[in-house]
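Trainee: In our numbering, the protein residues as written are 16 to 134. Every residue gets a Cβ at the ideal spot worked out from N, C-alpha and C, and that includes glycine.
(1) Check whether the Cβ atoms of residue 13 and residue 82 lie closer than 7 Å to each other.
(2) Taking its Cβ as the centre, do 16 or more other Cβ atoms sit within 10 Å of residue 134, making it buried, or is it exposed?
(3) Are residue 22 and residue 125 closer than 7 Å when you measure CB to CB?
(4) In three-state terms, what does DSSP make of residue 130?
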């Protein structure tokens with residue numbers, strides 16, 4: 016049975032779903048757990064507010080939320096680290112917050128935000 020984890024990225028991360036997906040898939044540890052792809056979001060599918068597109072992680076096995084959260088943080092931090100400049104430093108993994116939100120259909124949506132902007 017294939018397990019899917021849907022992730023949305025807050026716009027303040029300034030990280031596209033495609034960039035996150037590419038970053039995830041370029042890391043052996045992440046790709047060993049799940050393959051990332053992007054998905055178009057239909058209007059009304061989710062109450063996303065200021066969120067970007069959806070990333071789908073597909074895995075043949077269930078993954079603990081804590082493990083997934085840490086890998087998401089590391090993947091995002093690494094992406095920013097590779098592009099950091101003196102004027103635009105990379106956020107540290109501990110500055111990235113990963114939340115799991117239950118959807119009406121029973122599925123879970125993983126939301127990624129910067130802690131400084133988290134409500």
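Mentor: Result, derived from the coordinates:
(1) A question about residue 13 goes unanswered here, because the residues of the chain that appear run from 16 up to 134.
(2) Reliability of the predicted coordinates at residue 134 is poor, the pLDDT of 48 falling under 50, and no value is obtained from them.
(3) Note that the C-beta distance between residue 22 and residue 125 is below 7 Å.
(4) Residue 130 falls in the helix class under three-state DSSP.
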